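Here my numbering is used: the first residue of the first sequence is 10, the next is one more, and so on.
Glycine included, each C-beta is placed from N, C-alpha and C at the ideal position.
Owing to the predicted nature of the structure, the values given are computational and were not obtained by experimental measurement.
A quick write-up on the structure given underneath.
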Amino acid sequence: MHDVPTVKVKQHVSTQPSEATQSGTAYDFREIEAKWAPVWEELGVFTPADDGSRERRYVLDMFPYPSGDLHMGHAEAFAMGDVVSRYWNQCGYDVLHPIGWDSFGLPAENAAIKRDAHPAEWTYKNIDTQAASFKRYAISADWSRRLHTSDPEYYRWTQWLFSRFYEKGLAYRKNHPVNWCPKDQTVLANEQVVDGACERCGTPVTKKSLNQWYFKITEYADRLLDDMEQLKGHWPERVLLMQKNWIGRSEGAHVDFVIAAEGDKPEAKTTVFTTRPDTLHGATFFVVAADADLAGELVTDAQRPALEAYQEQVKALSEIERQSTEREKTGVFTGRYATNPLNGEKLPVWAADYVLADYGTGAIMAVPAHDQRDLDFARTFDLPVRAVLDTGEEDPAATGTATTGEGTLINSGELDGLSKADGIARAIEIVEAAGTGEHTVNFRLRDWLLSRQRFWGTPIPIIHCAACGEVPVPDEQLPVRLPDNLRGEQLSPKGTSPLAAAEEWVNVDCPRCGGAAQRDTDTMDTFVDSSWYFLRFVSPDYTEGPFDPQAVRDWMPVGQYVGGVEHAILHLLYARFFTKVIHDLGLIDATEPFSALLNQGQVLNGGRAMSKSLGNGVDLGEQLDVFGVDAVRLTMIFASPPEDDVDWADVSPSGSAKFLARAWRLAGDVASRPGADPAAGDAQLRSVTHKTVAEATELLDSGKFNVVVAKSMELVNATRKAIDSGAGAADPAVREAVETVAVMLSLFAPYTAEDMWARLGHEPSVAKAGWPAVDPALLVDDTVVAVVQVKGKVRDRLEVSPDISEDELRATALASPAVQKLLDGAEPRKVIVRAPKLVNIVPA
RNA sequence: GCCCGAGUGGCGGAAUGGCAGACGCACCGCACUCAAAAUGCGGCGGGUAAAACCGUGUGGGUUCGAGUCCCACCUCGGGCACCA
Numbered sequence: 010m011h012d013v014p015t016v017k018v019k020q021h022v023s024t025q026p027s028e029a030t031q032s033g034t035a036y037d038f039r040e041i042e043a044k045w046a047p048v049w050e051e052l053g054v055f056t057p058a059d060d061g062s063r064e065r066r067y068v069l070d071m072f073p074y075p076s077g078d079l080h081m082g083h084a085e086a087f088a089m090g091d092v093v094s095r096y097w098n099q100c101g102y103d104v105l106h107p108i109g110w111d112s113f114g115l116p117a118e119n120a121a122i123k124r125d126a127h128p129a130e131w132t133y134k135n136i137d138t139q140a141a142s143f144k145r146y147a148i149s150a151d152w153s154r155r156l157h158t159s160d161p162e163y164y165r166w167t168q169w170l171f172s173r174f175y176e177k178g179l180a181y182r183k184n185h186p187v188n189w190c191p192k193d194q195t196v197l198a199n200e201q202v203v204d205g206a207c208e209r210c211g212t213p214v215t216k217k218s219l220n221q222w223y224f225k226i227t228e229y230a231d232r233l234l235d236d237m238e239q240l241k242g243h244w245p246e247r248v249l250l251m252q253k254n255w256i257g258r259s260e261g262a263h264v265d266f267v268i269a270a271e272g273d274k275p276e277a278k279t280t281v282f283t284t285r286p287d288t289l290h291g292a293t294f295f296v297v298a299a300d301a302d303l304a305g306e307l308v309t310d311a312q313r314p315a316l317e318a319y320q321e322q323v324k325a326l327s328e329i330e331r332q333s334t335e336r337e338k339t340g341v342f343t344g345r346y347a348t349n350p351l352n353g354e355k356l357p358v359w360a361a362d363y364v365l366a367d368y369g370t371g372a373i374m375a376v377p378a379h380d381q382r383d384l385d386f387a388r389t390f391d392l393p394v395r396a397v398l399d400t401g402e403e404d405p406a407a408t409g410t411a412t413t414g415e416g417t418l419i420n421s422g423e424l425d426g427l428s429k430a431d432g433i434a435r436a437i438e439i440v441e442a443a444g445t446g447e448h449t450v451n452f453r454l455r456d457w458l459l460s461r462q463r464f465w466g467t468p469i470p471i472i473h474c475a476a477c478g479e480v481p482v483p484d485e486q487l488p489v490r491l492p493d494n495l496r497g498e499q500l501s502p503k504g505t506s507p508l509a510a511a512e513e514w515v516n517v518d519c520p521r522c523g524g525a526a527q528r529d530t531d532t533m534d535t536f537v538d539s540s541w542y543f544l545r546f547v548s549p550d551y552t553e554g555p556f557d558p559q560a561v562r563d564w565m566p567v568g569q570y571v572g573g574v575e576h577a578i579l580h581l582l583y584a585r586f587f588t589k590v591i592h593d594l595g596l597i598d599a600t601e602p603f604s605a606l607l608n609q610g611q612v613l614n615g616g617r618a619m620s621k622s623l624g625n626g627v628d629l630g631e632q633l634d635v636f637g638v639d640a641v642r643l644t645m646i647f648a649s650p651p652e653d654d655v656d657w658a659d660v661s662p663s664g665s666a667k668f669l670a671r672a673w674r675l676a677g678d679v680a681s682r683p684g685a686d687p688a689a690g691d692a693q694l695r696s697v698t699h700k701t702v703a704e705a706t707e708l709l710d711s712g713k714f715n716v717v718v719a720k721s722m723e724l725v726n727a728t729r730k731a732i733d734s735g736a737g738a739a740d741p742a743v744r745e746a747v748e749t750v751a752v753m754l755s756l757f758a759p760y761t762a763e764d765m766w767a768r769l770g771h772e773p774s775v776a777k778a779g780w781p782a783v784d785p786a787l788l789v790d791d792t793v794v795a796v797v798q799v800k801g802k803v804r805d806r807l808e809v810s811p812d813i814s815e816d817e818l819r820a821t822a823l824a825s826p827a828v829q830k831l832l833d834g835a836e837p838r839k840v841i842v843r844a845p846k847l848v849n850i851v852p853a
């Protein structure tokens, strides 16, 4: 490990005993951290005026989960968000930059079981720890807006929103096979299953049929997809792509197949979804999902035992096994036949687990010649294969490789001779005309399973009454508070919610009929809590609703959202969904919550994510102790572009500390008085200063924070040189340069910047000093260097006026001795002139 | 398998199609010092005595000019994965 805390490093960056005796002459990060933290607290620097006097801007970091103290990942993410917040403050915007905690969740519950405590104890203790660390870390937050999703004042409104969703039919309950984590003893949403395992604990997920609550996010699939257009260019391309893939829009057709009567089973109609209606004539069998209700409905009595045995076999498989594409296809014949609506052919109906119950209609027409999965199945069970699209490739029946490319339809009656695209269009026309099908769009996205069989979450505000059914808890009775008498063992997972054990809590009168009824005992997925917190921040104490409508109009949408890419499809998709529903409820104008998104990279150590098992963790607190807050923050920013990972083994917080000390010393060297007129100062240094600000402005606006740090280093170097061997410490241009350094550093290294500001004779806070204005006249040089190339290689440099004409520059370049020598008297074939920077001469 | 993204010194990384390697780390040298640390100054892609010349994963192409644009490939990283 590089840069481990050593005695040597400590001496480099902290006070030497001999220097410490002369107070104020050596850079001591401990001293300045202790000095400024209370001053800022007093000033309340980052509370927005919120009075409309200045343009409002909202910047938000994904709020933390309170699992112990802050770690290196928080340090990076919040350093990034802080650059934006502090930059916008310097630019004069009225900036909202709040902080809160996503404080419901399973770890608190597990900790409570282990310690025989209530989850709230662990949660709020950790929040206090993190809050103190954030203050030490000097994030530019408005602390007065702090919120916690586990506060009843917060989850009251989460419940209120649930009730609105329920009223609109967007929250509903259904019995359905769901993902089940055997370790956490709770269900999981699709988004929380990664490679067939629980996203949180890694336990292989199993399926279980349960009556669960869902949000109808699928109803918003189209809008979630279409509105991504607004986000293009402001969200990372790959996040948009991931969401697009996750939503998985696919265009095709619904086609009805009639299942012929068999024994005492009557005729039935079954619809399939297909993206390839052009291949209808190539269908040679029909498959229904083995675990769908449909399979049991269709199966003949003779085949029922075989189906049930197969279903048992499927249930025994883990999700990982089931999803393996290596696996041989399995299935059973149902004893039934489906009629192809196009050609009247009878197709055997099979039940198999390669068809998914919850995608499309849970049934497919199998076209083995042009679908690899169907072909694999056909070969396993010796079913016929008929090619209907000539792609010029070998017969799939012979090769075992389905052909999926372009081609010409064959063996397809009236579709013969058509291309794939024309065939698809024509086939849809035919089935639509016959009333046996229609064009349709299908989505991969499933409804969001939101109920959890755990304690530490927002209770679902529903009462179950034998007479009235599901009855929402009336708004005026919200919040439905969690009972506080459950703790320790009583919270241990048992497959049903621990809330069921709190009898006094569960048993209530039905709000509708007054009869005996029970509360719903499930709690909400914590992603529900975080799907609207950015709205609560605009008016965290509002009691008339989840948020003050005027405040939402004033602040939303979030201008810059900052957080890890791990939430690309979880939190970000859910938050977009909530925003759209809340918009449709008429409560907000915005249709998208976050107009710009920055995904900061991870902090690694030695090429790997930090983890306990690898023993490569770096403790944030230790880094702050050894190098100081500013050095750690600066290192995070300087190490790489914001979206790239930072490998802590490759970077140098001690180098950052050295730079900060160097910058800080400049402030002590300035010999002019505050307010000295820079116009009278050294022109050369002024030019450097103003160019630096101009460049930094552009770089900040385009998110290249690491390069801004490099620019500030260049300015520090130039100023040092000016003091030691140029204009001298008393030149007002030096003051201008150092003040500029202080303002620039206020974005990355707030303590150092504030102390410099004070040493320069100013009142706090440098955070509100204002971004320096650029004098355009100082950006123009008297002379510039023009490069003279021959055949693309630099052969000479000319010092010329920046407004030299093309002709003049051409003549000067051609007259250059170096060029003359290379041309050797010959006329150049071509001369490209880009005044005043470049001439390229192409010899004959 | 499908879909993205990225490959630049010893390292992290700069570079609107126009001087590749800004800035920093590490390393080397010098000044200051009895000495060290700290600080300041200088050097630092390969190659050469110095030049020439060669250099942005590989091979092609477009262009007066390519790290940058296009095509193919290699490697690494990420996402999805029986989604009909």
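Any non-hydrogen atom of the ligand MN within 6 angstroms of residue i CB
i	result
Ala827	In terms of ligand content, the structure shown is empty, and the ligand MN therefore cannot be addressed.
Buried or exposed by the 16-neighbour rule on C-beta atoms within 10 Å, applied to residue i
i	result
Glu485	exposed
Glu704	buried
Thr30	Confidence in Thr30 is poor, its pLDDT being 31 and thus under 50, which makes the residue's placement too unreliable to answer from.
Val482	buried
Cys210	exposed
Val789	exposed
Thr389	exposed
Asn516	exposed
Thr445	buried
Asn849	buried
Gly426	exposed
Lys839	exposed
Val803	exposed
Backbone CA spacing between residue i and residue j [nearest angstrom]
i	j	result
Thr279	Ile108	53 angstroms
Tyr319	Leu365	15 angstroms
Arg65	Ser149	16 angstroms
Arg63	Pro57	10 angstroms
Ala35	Val725	17 angstroms
Met89	Asp204	31 angstroms
Phe586	Asp103	28 angstroms
Lys123	Tyr74	19 angstroms
Asp784	Glu748	16 angstroms
Leu582	Ser159	22 angstroms
Ile41	Asp151	22 angstroms
Met722	Pro492	57 angstroms
Val660	Phe536	35 angstroms
Reference residue i; option with closest CA among the options
i	options	result
Ala120	Asp193, Arg453, Leu754 and Ser421	Asp193
Gly257	Lys720, Asp653 and Ile578	Ile578
Asp733	Pro759, Glu447, Ala475 and Ala680	Ala680
Leu818	Ala827, Lys802 and Ile841	Ile841
Lys846	Pro837, Pro116, Val809 and Ile122	Val809
Trp457	Trp255, Trp766 and Val635	Trp255
Pro549	Ser539, Ala147 and Arg155	Arg155
Thr792	Val752, Ala844 and Thr761	Ala844
Phe636	Leu179, Leu454, Ser665 and Ser622	Ser665
N-terminal and C-terminal residue of the alpha helix (DSSP H) that residue i is part of
i	result
Ala140	Pro128 to Arg145
Ile813	Neither: Ile813 is in no alpha helix (DSSP H) and is coded neither H nor E.
Ala640	Val638 to Phe647
Residue i: first and last residue of the uninterrupted beta strand (DSSP E) it sits in
i	result
Thr706	From DSSP, Thr706 is part of no beta strand (DSSP E) but of the alpha helix (DSSP H) over Ala692 to Asp710.
Ala375	Ala372 to Ala375
Inter-residue CB distance, residue i and residue j (contact presumed, cutoff 8 angstroms)
i	j	result
Tyr760	Phe113	No, Tyr760 and Phe113 are not in contact; Cβ-Cβ is about 34 angstroms, not under 8 angstroms.
Val440	Pro350	6 angstroms
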